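Colleague: Dumping the structure here so I can ask a few things about it.
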Amino acid sequence: MEKTDNGGLMADRKCFLQGIKMSISTYLNQPQHWKNSVLAMHWYTVDALQYEPEKGIPTLRVPMTDLGADDSICHVWQSRGTPISGQYDAINYRYDDDYLFGVIVLPETLFEANTDKTPLQQAAECAYSQIFSLLDRLSFPYLFRVWNYMADINAHSFGMERYVQFNLGRQDAFLAHGRDIEGNVPAACALGFESALSEENSDQNALTISFLAGRVEAQCIENPRQISAYQYPQQYGPRSPTFSRASLVKLGLDDVLFISGTASIVGHTTLHPDDVIAQTRETMENIKAVLAEANRRLGHTKFELSDLDYTVYVRHNDDFETIRKELMLCVGDGLKAVYLQANVCRHDLLLEIEAIVGHRSTYSDSSHVDSEHAN
Ligand code: 3EB
Numbered sequence: 000m001e002k003t004d005n006g007g008l009m010a011d012r013k014c015f016l017q018g019i020k021m022s023i024s025t026y027l028n029q030p031q032h033w034k035n036s037v038l039a040m041h042w043y044t045v046d047a048l049q050y051e052p053e054k055g056i057p058t059l060r061v062p063m064t065d066l067g068a069d070d071s072i073c074h075v076w077q078s079r080g081t082p083i084s085g086q087y088d089a090i091n092y093r094y095d096d097d098y099l100f101g102v103i104v105l106p107e108t109l110f111e112a113n114t115d116k117t118p119l120q121q122a123a124e125c126a127y128s129q130i131f132s133l134l135d136r137l138s139f140p141y142l143f144r145v146w147n148y149m150a151d152i153n154a155h156s157f158g159m160e161r162y163v164q165f166n167l168g169r170q171d172a173f174l175a176h177g178r179d180i181e182g183n184v185p186a187a188c189a190l191g192f193e194s195a196l197s198e199e200n201s202d203q204n205a206l207t208i209s210f211l212a213g214r215v216e217a218q219c220i221e222n223p224r225q226i227s228a229y230q231y232p233q234q235y236g237p238r239s240p241t242f243s244r245a246s247l248v249k250l251g252l253d254d255v256l257f258i259s260g261t262a263s264i265v266g267h268t269t270l271h272p273d274d275v276i277a278q279t280r281e282t283m284e285n286i287k288a289v290l291a292e293a294n295r296r297l298g299h300t301k302f303e304l305s306d307l308d309y310t311v312y313v314r315h316n317d318d319f320e321t322i323r324k325e326l327m328l329c330v331g332d333g334l335k336a337v338y339l340q341a342n343v344c345r346h347d348l349l350l351e352i353e354a355i356v357g358h359r360s361t362y363s364d365s366s367h368v369d370s371e372h373a374n
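Quick note on numbering that gives the first Met the number 0: the sequence shown kicks off at 0 and runs consecutively.
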């Protein structure tokens, strides 16, 4: 057989939908033709707003410190095709044949508290409502993954924790648009950053959401160690959080797994409230359980812990080294992780970990099939 190993094609095994993390300065130094292929970016930096976003590229900017590096971090998703940009209401979006990415920023100051709804609740409802309208309009019906960032997530106002207010608005929008609020719901995370106190910086306090949608249904994955978040009991708020533990996207040669923000929760209860090492281990047990569920559905290609690209949200800066050491022990030297200082949505959670892993089938798999037919 002429066909041997497809060394040349192995370079293409990278699955674009997994994204790449790099420093913002590395991104800024990329050639224009490369930047043109970018679908969307997340910028995590203390001075998130000091950088002008690239025109036409949805760019999520949140003020979070990268604890593991001097520079700020940027997560970049590219397109294999020629993406098209647009704006709809407050959403900046960009899409190709397969995927749509969008970023929406809504300052809470746009909304007035009324007897029914707090400003954050209205902002969440409005943001998700705009997202669903856009998905309908552009025919990307399936929401795969959502990243939710808001100021002071654990603070209380109007007699309710702000995360609880967010959950009310989010679920109302799902219901209003006839979307499922259980089972078939996106993977997600919800994190807080410190609000900027000065008036002139109050824009930084905006509810900031990024989302990825597609045209094929993703498989929603739950964790057998945990009660589904959409079935949490009322003690965590009148409306449950609308997200699944992971979503598995299979499209063409790509298999991509988005693992939601994962914490030291078993059943619905926070475990080890004051023990950061135990919380890290418990969180990784949850990630292993979600990964095992995903691998059962994947067939021949399995993902391993060391394949995952992690983002670790750390509540207290001082815990960073401890958490990193624990993760190294659990995952091994191949650990790929970015550590961000952030507030996690339950006050007793010291960390939350999300992960992405993608795989693009090798050409050799299909050449194997071809040669069988050829013989
Ligand atoms: C948890 O398991 C931790 O509200 O979208 C993780 C991922 C968490 C997503 C969300 C919240 C969310 O409940 C918190």
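The beta carbon of each residue, even a glycine, is placed where N, CA and C say it ideally should be.
If you're wondering where the values come from, they're calculated on a predicted model, not measured in any experiment.
Just tell me which of 33, 129 and 220 has its CA closest to the CA of residue 294.
Modeller: 220
Colleague: In whole angstroms, give me the CA-to-CA distance for residue 83 and residue 347.
Modeller: 42 Å
Colleague: Between residue 49 and the rest of its own chain, which residues show a CB-CB distance below 6 Å, the 5 nearest in sequence each way excluded?
Modeller: none
Colleague: Among the candidates 178, 169 and 319, whose CA atom is the shortest distance from the CA of residue 188?
Modeller: Closest in alpha carbon position to residue 188, among 178, 169 and 319, is 169.
Colleague: Taking 6 Å as the limit between beta carbons, can you name the residues of its chain near residue 304, skipping five residues before and five after?
Modeller: 330
Colleague: Could you check what DSSP says for residue 342 in three-state terms: helix, strand or coil?
Modeller: strand
Colleague: Let's test the definition: count the other Cβ atoms within 10 Å of the Cβ of residue 149 and tell me whether it reaches 16, buried, or not, exposed.
Modeller: Buried, since its Cβ has 16 or more Cβ neighbours within 10 Å.
Colleague: In whole angstroms, what is the alpha-carbon distance linking residue 333 and residue 20?
Modeller: 15 Å
Colleague: Classify residue 296 as helix, strand or coil using the three-state DSSP reduction.
Modeller: helix
Colleague: Let me confirm a value: residue 33 is counted as buried when at least 16 other C-beta atoms fall within 10 Å, else exposed. Which label applies?
Modeller: exposed
Colleague: Short check: CB of residue 123 to CB of residue 173, under 7 Å?
Modeller: no
Colleague: Taking a contact to mean a Cβ-Cβ separation below 7 Å, would you say residue 52 touches residue 44 in this structure?
Modeller: no
Colleague: For residue 26, which of 66, 15, 70 and 46 has the nearest alpha-carbon?
Modeller: 70
Colleague: When the distance is taken between beta carbons, is residue 126 closer than 7 Å to residue 118?
Modeller: no
Colleague: What is the rounded straight-line gap between the Cα of residue 5 and the Cα of residue 242?
Modeller: A caution first: residue 5 carries a pLDDT of 35, below 50, which makes its placement in the model unreliable, though a value can still be read off. Straight-line Cα distance between these residues: approximately 39 Å.
Colleague: Looking at residue 253 and residue 16, is the spacing between their C-beta atoms short of 7 Å?
Modeller: yes
Colleague: Under a Cβ-count criterion, where at least 16 other Cβ atoms within 10 Å of its own Cβ denotes burial, should residue 144 be classed as buried or exposed?
Modeller: buried
Colleague: Using 8 Å as the threshold, is the segment 312-321 in touch with the segment 203-221, meaning 3 or more CB pairs across them?
Modeller: no
Colleague: Less than 6 Å between the CB of residue 260 and some heavy atom of ligand 1, yes or no?
Modeller: yes
Colleague: Could you name the residues of the same chain whose beta carbon sits closer than 6 Å to that of residue 277, not counting the 5 residues immediately before and after it, in chain order?
Modeller: 271
Colleague: Using a threshold of 6 Å, is the CB atom of residue 100 nearer than that to any non-hydrogen atom of ligand 1?
Modeller: Residue side-chain check: residue 100 keeps its Cβ at 6 Å or more from all non-hydrogen atoms of ligand 1.
Colleague: Should residue 228 be counted as a contact of ligand 1 given a C-beta to heavy atom distance under 6 Å?
Modeller: yes
Colleague: Using CA atoms only, rank isn't needed, just tell me which of 159, 140, 225 and 146 is closest to residue 183.
Modeller: 140
Colleague: To which residues of the same chain is residue 308 closer than 6 Å at the C-beta, ignoring the five residues directly before and after it?
Modeller: Sequence-distant partners of residue 308 (beyond 5 residues in either direction) whose C-beta falls short of 6 Å from its own C-beta, in its chain, are 335 and 355.
Colleague: Can you name, in chain order, every residue of its own chain whose Cβ lies under 8 Å from the Cβ of residue 1, other than the five neighbours on each side?
Modeller: Only weak support is given to the placement of residue 1: the predicted model assigns it a pLDDT of 34, under 50, and the question is left unresolved by the model.
Colleague: Taking C-alpha atoms, which residue in 97, 255 and 283 lies nearest to residue 300?
Modeller: Selected option, being the one with the closest Cα: 255.
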